[in-house]
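First the structure, in the form of structure tokens, and then the observations on it.
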Amino acid sequence: MASRAGSTSRRRGRPVGTRAMRWRSTSRRNKSERMAETNIMVIAGEPSGDALAAELVQALRAEAGASSAKPTLRFFGAGGTKLAAAGVDLAVDMTQHAVIGLWEVIKSYGKFRRIFHELLALAEKQRPALLVCVDFSGFNRRFAHALRARAAKSGGQWNPRIVQYVSPQVWASRPGRATKMAEDYDLLLTIFPFERDWYAKRAPDLKVEFVGHPMLDRFEGRGPKPEVQSPNARPEVLLLPGSRAGELKRHLPVMLEAVGRIAERAQVNFRMVLPSRELVERALDACEEQLHFKTQRTEALDGLHTVGLVKQPDSPFQIQVGHLDAALRSATIAIASTGTVTMECALFKVPTVALYKTSWSTYQIGKRIVTVKFLAMPNLLAGEAVIPEFVQDAATGPNLAQAALGLLQDESRRLAMQVKLGEIIAGLGAPGANVRAARAIWTLLHPSGPAA
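Going by my numbering, the letters in the sequence shown line up with residues 1 to 452, in that order.
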């Protein structure tokens, strides 16, 4: 990683913080080409945000193409492999640095500070007309605030619009942050229906639009498995420990303990889905070290890795990279971290057991400032414990195994949970979140046109 602000432009072809992605300096572009472009900066800091940001970029391009002016949009900023694949010039692969928890953030402070100032210097040089911050609220709100301050010193030469896509969970802790957001953002795009009214009461000066949940588009047409299953089909337990290395470190040991207990009492298949090969390798090592599984690494076209359960040879265990929708369609139940993935389980009507573990210091602070009763979003939206969730000291192998076995052995409980999950998803509205988000952003940029 470059250690000095501004080095991105000096080191052509060597972006900050990543070896694989390439930064194309605009200094090589001719002046007329630059004048015809609209510069848009995008920042996404986690794998889920990277995927969402990539979808939004495509929707913004489509919106621009449908307008009469048909401007050329040039995207740059920070994100991950999906944003890069969408044609965004990345200065930093932020997804490599994603952490969760106060102590983890403190340990990474120096790294994030360097990235912050690199990106701020880059923004000041490129002067984007629009900054789109996707999730990653702790970093993004500070960046938006700093960018606003830099632009204010330009003497009116630079007045970027700033948008936050996905609301920070201020309704769960420290609600006073909402009024500060009104100073930093021109537009907040929310994905849950209750958020617009919440902000209207607490931050009336903040423009908020509910656009719907993007997962409805991502998995459109690939919903729940058919209700009728083969009577000989073996139950499958889907394991979803999280998308960050820190989550894997804390969640995987208790998940694997639960796997051992479940395998002793039920003949089931196990499947774990992780977002990267690096995390798969860590999971395979944990299987060998913790439960003494004999692992067999196999490479398929889809990046599938498998693990054999030695103690219970009849209970196959697979770990794979991606293809979450296929795994959800085949799952009987899931054991999942309390993040975004619990909503994806709800979309596919997969009865779920949720867990969350963090560092001791983060938990001690969190329990004093968090004001909501539940952590899993399906429970928050329903206002009741639709899915069992186990937090911190309660997130143990025995507790997870007991809850999972209770669902596996009681079809009526699974069916009742599926009904509730379906009701939760129905409350999210219709597909088209990214299209609506792109239109809202386009209207912000062009309040009186150009006409479509």
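From the three backbone atoms N, C-alpha and C, an ideal C-beta is built for every residue, glycine too.
Nothing here was measured: the structure is a model prediction, and the numbers come from that model.
What are the boundary residues of the alpha helix (DSSP H) that residue i is part of?
i: SER276; result: Counting along the chain, SER276 falls outside any alpha helix (DSSP H), and DSSP gives it neither H nor E.
i: GLN364; result: 360-369
i: VAL268; result: Looking at the DSSP string, VAL268 is not in any alpha helix (DSSP H), and its letter there is neither H nor E.
i: SER330; result: 324-330
i: SER337; result: Segment 333-337 is the beta strand (DSSP E) holding SER337; no alpha helix (DSSP H) there.
DSSP state of residue i, grouped into three classes?
i: SER48; result: helix
i: LYS31; result: Per-residue confidence for LYS31 stands at a pLDDT of 42, beneath the threshold of 50, marking its modelled position as unreliable; no derived number is given.
i: PHE390; result: strand
i: THR352; result: strand
i: VAL92; result: strand
i: SER173; result: strand
i: SER9; result: With a pLDDT of 37 at SER9, under the threshold of 50, the modelled position of this residue cannot be trusted, and the question is left open.
i: PHE112; result: helix
i: VAL254; result: helix
i: ASP302; result: Only weak support is given to the placement of ASP302: the predicted model assigns it a pLDDT of 49, under 50, and the value that follows is read from those uncertain coordinates. Coil, per DSSP.
Please state if the CB of residue j and the CB of residue i are separated by a distance shorter than 8 angstroms.
i: ARG250; j: THR358; result: yes
i: GLN58; j: ALA78; result: no
i: LEU56; j: TYR185; result: no
i: SER337; j: GLU247; result: yes
i: VAL386; j: MET417; result: yes
i: PRO351; j: ILE335; result: no
Determine the burial state of residue i: buried for a count of at least 16 other Cβ atoms within 10 Å of its Cβ, exposed for fewer.
i: ASP197; result: exposed
i: GLU195; result: buried
i: THR18; result: Low per-residue confidence applies at THR18: pLDDT is 40, beneath 50, and the placement is therefore not dependable enough to give any value.
i: HIS213; result: buried
i: ASN434; result: buried
i: ARG12; result: Caution applies to ARG12, whose pLDDT of 34 falls short of 50 and renders its modelled position unreliable; the value that the coordinates give is listed next. ARG12 should be labelled exposed.
i: ASP393; result: exposed
i: ALA440; result: buried
i: ALA54; result: buried
i: GLN364; result: exposed
i: GLN157; result: exposed
i: ASP89; result: buried
i: LYS111; result: exposed
Between the alpha carbons of residue i and residue j, how many angstroms are there, rounded?
i: ASN379; j: SER173; result: 16 angstroms
i: THR396; j: ARG202; result: 38 angstroms
i: ARG265; j: GLU389; result: 22 angstroms
i: LEU347; j: LEU324; result: 12 angstroms
i: VAL268; j: PHE374; result: 29 angstroms
i: PHE136; j: ILE43; result: 8 angstroms
i: VAL391; j: ASN159; result: 44 angstroms
i: GLU209; j: VAL163; result: 11 angstroms
i: PRO275; j: LEU408; result: 26 angstroms
i: SER448; j: ALA129; result: 16 angstroms
Would you kindly report the start and end of the unbroken beta strand (DSSP E) that includes residue i?
i: ARG161; result: 161-165
i: THR190; result: 187-190
i: GLN318; result: 317-321
i: ALA385; result: Unbroken run through ALA385: none, as it is neither H nor E.
i: ARG74; result: 72-79
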